[in-house]
Amino acid sequence: MKTPFPIDRSRSSELFEAAKGYFPGGVNSPVRAFQSVGGTPLFIAKGNGAQIWDEDGNEFIDFCCSWGPLIHGHNHPYVFEKIVGTLQNGASFGAPTRKENELAAFMLQRLPFIDKIRFTSSGTEAVMSALRLARGATGKNKILKFEGCYHGHVDALLVKAGSGLITFGTSSSAGVPESFANETLVLPLNNTEALQACFETQHQDLAAVIIEPIPANNGLLLQDKAFLNLLRALCTKYGVLLIFDEVISGFRVAFGGAAELFGINPDIVTYGKIIGGGLPVGAYGAKKNIMSFVSPEGPVYQAGTLSGNPVAMAAGLAQLELCAAAGFYTKQALRTQQFIDGINSFAQTQQYPMELVCVGSIFWFSFNGKKRITAADQIASDMSAFNFMHHFLLSVGVYFGPSGYEVGFISSAHTDAQLAFAAEQIKAALAAYYEK
Ligand SMILES: *Cc1c(COP(=O)(O)O)cnc(C)c1O
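Numbering-wise (the numbering used here), the sequence shown opens with residue 279 and increments by one.
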């Protein structure tokens, strides 16, 4: 089991050593530290199209794409032009600008399930605000979430299932008081009986249910449509708000995200990642009657110094305009399906216990030999194959996010030749691991 050839990473290593003196673990977000795959992170110097270069000048085809935002790759000329053009007028005013209207109008025209939105500066902030809105609008406190869904680092959602039948959460991070965690219920994904039972006993206290309708932060746990339909029906029946956290799936699997793909209307939706065109933007939206609870129209306070930042709005609008082109999502989904089909048929022929799964232009390496898994407890606990593959691929110029629990993304900037090259390297990596 050897990687084909080691790459020079001396500058990245030096920078990481220095970074460890500045930041906890040397990073500003934990997954970047390479702890899951082992080794130390590459420091990225630049990106263009589907390619990135590290500080040592090594070149990679990028399937991390900043963890999702870059659906048109790095430095797309149109997005770049809009960012620079807007920046020429100043970076931020803390006063309304036309750019906010433009992005909102563009989105709302295409998202029939919401009437109004509020921009934030991150996905976490959008989710945190959506929970407050749900509580403020319903006058109830409890939130239901699902094991295996990630919703940012919101206190109330850094919670895992406790023991016991009614699964009140226990905090999964130090610093989150158990009393906060106790306001959150946790259920397994795709389990209709557990869901039904929870609604029957808890609905008087439940303000909202939050779900990634396409759970893509802990493997890719594609849900049965019947489960999502049941969730919608129970929320309606019991007066509980349904929050779709579409920070990763919004503008990714369809312009209107999973809500559009499945034809299910959430009561509140959160966005992030793609919506900012690579700059920090999040948003939450709902029908008018719900959004009217938000300050200054209503009693639910929420604010942001840089919310609706004009440069970020311009980047987001440029990127979403490209997404709205006719046939864009069909084409991206098809290219992704073809990419994984080629690798899967190879793996199947060789009888390797690995299958790629995908939806839209999101894909994931499932190393448990089963095509589709739907809940967090089905994820293979052994990530050694992914970890080996990750290092192998770095040495041949293919970059994945440094964790086997994370999904990969194909952007419109990935060329057919780059995809074909990457597929060959992935096959070689799998062969090197399994034929060791
Ligand atoms: C990325 C993500 C978040 C958090 O967004 P940040 O911008 O990292 O704060 C929340 N929910 C989902 C579904 C995400 O994928």
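Think of the CB as a built atom: it goes at the ideal place given N, C-alpha and C, for glycine as much as any other residue.
Note that the structure is predicted; figures quoted are calculated from it, not measured.
Any non-hydrogen atom of ligand 1 within 7 Å of residue i CB
{"i": "E425", "result": "no"}
{"i": "G556", "result": "no"}
{"i": "T402", "result": "yes"}
{"i": "Y428", "result": "yes"}
{"i": "N495", "result": "yes"}
{"i": "V525", "result": "yes"}
{"i": "V227", "result": "Since the first residue shown for the chain is 279 and the last is 714, residue 227 is missing from the structure and cannot be characterised."}
{"i": "E684", "result": "no"}
{"i": "K551", "result": "yes"}
{"i": "V405", "result": "yes"}
{"i": "G560", "result": "yes"}
{"i": "E490", "result": "yes"}
Burial state of residue i, where buried means 16 or more other Cβ atoms lie within 10 Å
{"i": "F678", "result": "buried"}
{"i": "T627", "result": "exposed"}
{"i": "K360", "result": "buried"}
{"i": "K420", "result": "buried"}
{"i": "E403", "result": "buried"}
{"i": "N665", "result": "buried"}
{"i": "T364", "result": "buried"}
{"i": "D619", "result": "exposed"}
{"i": "T375", "result": "buried"}
{"i": "N336", "result": "buried"}
Top-ranked residue by Cα proximity to residue i, from the options
{"i": "F477", "options": "I492, K423, F522", "result": "K423"}
{"i": "L463", "options": "T470, S449, G453", "result": "S449"}
{"i": "K503", "options": "T583, L467, L484", "result": "L467"}
{"i": "V525", "options": "F641, P347, L671", "result": "P347"}
{"i": "G453", "options": "V432, E471, G440", "result": "V432"}
{"i": "I521", "options": "V531, I542, I688", "result": "I542"}
{"i": "A373", "options": "A532, E633, G582", "result": "G582"}
Proximal residues to residue i (C-beta, below 6 Å), its chain only, five neighbours per side dropped
{"i": "A415", "result": "I568, F571"}
{"i": "L557", "result": "A590, A593"}
{"i": "A278", "result": "Absent from the model: residue 278. The displayed extent of the chain is 279 to 714, so no value can be given."}
{"i": "G528", "result": "G535, Y549"}
{"i": "E490", "result": "C427, D523"}
{"i": "A654", "result": "E425, G426, N496"}
{"i": "Q313", "result": "none"}
Same chain only: Cβ atoms within 7 Å of residue i, ignoring 5 sequence neighbours per side
{"i": "W566", "result": "Per the sequence presented here, residue 566 reads as Lys, with Trp not at that position. Result list for K566: D393, K394, in chain order."}
{"i": "A596", "result": "Y356, V357, K360, G555"}
Test: residue i CB closer than 8 Å to a CB of chain D
{"i": "F606", "result": "Annotation note: the requested chain D is absent from the structure, which comprises a single protein chain."}
Cβ-based neighbour list, residue i, same chain, cut-off 8 Å, excluding 5 preceding and 5 following
{"i": "M279", "result": "At M279, the pLDDT of 48 sits below 50, so the modelled position is not reliable; the number obtained from the coordinates is stated separately. Contacts found: F666, A710, Y711, K714."}
{"i": "S585", "result": "R396, F397, T398, S399"}
(request) List in chain order: all unbroken alpha helix (DSSP H) runs of 4+ residues lying wholly within the region 656-695. (result) Fully enclosed alpha helix (DSSP H) runs of 4 or longer: 662-673.
(request) Run through the region 491-551 for me and flag every whole alpha helix (DSSP H) of 4 or more residues, listed as ranges in chain order. (result) Every unbroken stretch of the alpha helix (DSSP H) spanning 4 or more residues and falling wholly within the region 491-551 is given here in chain order: 503-516, 535-540.
(message) As an exercise, report each continuous beta strand (DSSP E) stretch of at least 3 residues that is fully enclosed by the region 305-382, in chain order.
(response) Entirely contained in the region 305-382, the beta strand (DSSP E) runs reaching 3 residues are, in chain order, 322-326, 329-332, 337-340.
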